[in-house]
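Counting along the sequence shown from 1, when you hit position 155 you're at 172 in my numbering, and nothing is skipped either side. Here is the structure we will look at.
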Amino acid sequence: MHARLRRARIATLATLSTTVLSSLLLPGIGLFREPDPVRAALGGLGIALFALAQAGVLYAAVTPAVSPAVHRKLTWAYGAAAAASVPLVGPLAGPGWESWAWIGAAVLATSPVLGRRPVAAAVIAATVAAAAALAWWHGDLGYLTITVAVGLCIIAMNGLHLWLWTLLVEADEGRQAQARLAAAEERLRFARDVHDLLGHDLSVIALKAELAERDPARAAREAADLRRLAAAALTDLRRAVHGYQQADLRAQVTAIEQVLRSTGIRCTATLPGADLPQDAAARLAPVVREAGTNVLRHSRATWCTIEVTRDGVTIANDGAGESPADPHSTGLRGLADRLAESGGTLRTRLDGGVFTLEATLR
């Protein structure tokens with residue numbers, strides 16, 4: 018989970034926690050107004066159990082890492098605690114202080130996060146019925162009024178925050194899906210190119226091998242053709258892979274720019290007016306490709322800049338987090354070694370959350 022989404026989650030939890038506080042503080046006043054110590058002890062137990070169960074279900078509602086199985090268990094525990102609060106907290110403080118009404122309001126407020134609409138509707142109906150029963154038993158309409166009025170107000174506030182949180186989670190999931198799709202499309206493109214290149218040669222090799230197997234008299238001649246075709250196919254494959262690895266620098270930068278923009282990252286690329294010499298372009302293209310891959314897979318960037326000059330390339334983004342890149346990263350170490358072989362250098366730095374990669378040619 019990246020920093021912005023983590024901060025939004027903390028803010029949402031802080032807002033929802035007001036419901037838990039109301040479950041503790043306002044009913045807790047009834048503990049001091051209750052003259053019967055047994056009722057006070059049972060009421061305190063009911064309040065504590067409900068507050069704990071409610072905190073668990075609210076935490077699960079805004080924590081994507083919580084599995085559905087754990088979420089269901091927390092929901093069942095919450096339902097049990099809410100049901101138990103009626104006999105435990107209902108008699109607390111009598112008609113002088115509507116202790117359970119505040120718990121009933123909290124139950125209504127939490128109903129939208131319990132799952133599907135039928136479940137939420139059933140919880141709301143059961144809560145209103147319990148509030149009405151306590152109002153009749155105590156002869157105090159305040160139980161029903163507080164439960165419904167306060168519960169609806171908290172639903173309105175919490176519902177907005179939960180809706181915004183859901184939108185943020187869906188947007189983040191969509192961004193990750195776009196990054197995976199872009200990587201998958203690139204793999205498919207390369208696989209298609211290799212298939213188109215080698216498909217014919219391999220089909221002919223298979224046919225000639227079958228002919229040699231059927232006719233031993235022609236085996237020597239077919240074997241010579243097989244060797245020639247296999248050598249040609251290997252040469253074509255090496256040429257294709259070399260061409261993929263040593264892609265045109267301008268095309269490589271354009272492709273990375275388009276991929277980053279498709280995933281919601283603002284990308285600005287600056288290239289010199291004239292093309293770089295082929296040797297320089299071939300040495301910088303892997304740097305651009307590796308840096309673009311790192312931005313997609315290993316950061317949570319909102320922007321990225323790529324600046325290509327005749328002396329090298331500088332790539333910066335704001336998604337590096339609090340820790341610098343791993344100095345033992347195989348990709349970056351391999352790039353540094355290859356540049357060093359020809360006198361170039363590769364440096365990285367982290368400054369104020371901005372990660373910068375600089376590759377300099379000799």
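Glycine is no exception: its CB is placed at the ideal position from the N, C-alpha and C atoms. Values in this document were obtained by computation on a predicted structure and should not be read as measured data.
With a threshold of 16 other CB atoms inside 10 Å of the CB of residue i, please say whether the residue is buried or exposed.
i	result
Leu38	exposed
Gln71	buried
Ser128	buried
Ala126	buried
Cys170	exposed
Arg300	buried
Ala247	exposed
Ala31	exposed
Gln269	buried
Ser102	buried
What would DSSP say about residue i, mapped onto helix, strand or coil?
i	result
Ile163	helix
Ala337	coil
Asp368	strand
Leu313	helix
Leu177	helix
Glu274	helix
Ala291	coil
Ala201	helix
Ala82	coil
Glu358	helix
His345	Confidence in His345 is poor, its pLDDT being 44 and thus under 50, which makes the residue's placement unreliable; the coordinate value appears in the next sentence. DSSP places His345 in coil when its eight states are reduced to three.
Ala110	coil
Leu266	helix
Pro233	helix
Leu378	coil
Leu363	strand
Glu324	strand
How is the alpha helix (DSSP H) around residue i delimited, first residue to last?
i	result
Val103	Pro85 to Val106
Thr319	Counting along the chain, Thr319 falls outside any alpha helix (DSSP H), and DSSP gives it neither H nor E.
Ala149	Arg134 to His155
Arg56	Pro54 to Ala78
Leu125	Ser116 to Thr127
Can you give me the start and stop residues for the beta strand (DSSP E) that residue i sits inside?
i	result
Ala286	Arg283 to Thr287
- Task: Indicate whether the contact test is met: 3 or more Cβ pairs, each with one atom in the region 134 to 150 and one in the region 77 to 87, closer than 8 Å.
- Result: Touching, no.
Any chance the region 235 to 246 sits against the region 271 to 287, with 3 or more Cβ pairs inside 8 Å? Contact between the region 235 to 246 and the region 271 to 287 is absent, because fewer than three Cβ pairs lie under 8 Å.
For the 8 Å Cβ check, are there 3 or more pairs between the region 41 to 53 and the region 110 to 120?
Yes, the region 41 to 53 is in contact with the region 110 to 120.
Between the region 348 to 355 and the region 319 to 332, do three or more beta carbon pairs fall short of 8 Å?
No, the region 348 to 355 is not in contact with the region 319 to 332.
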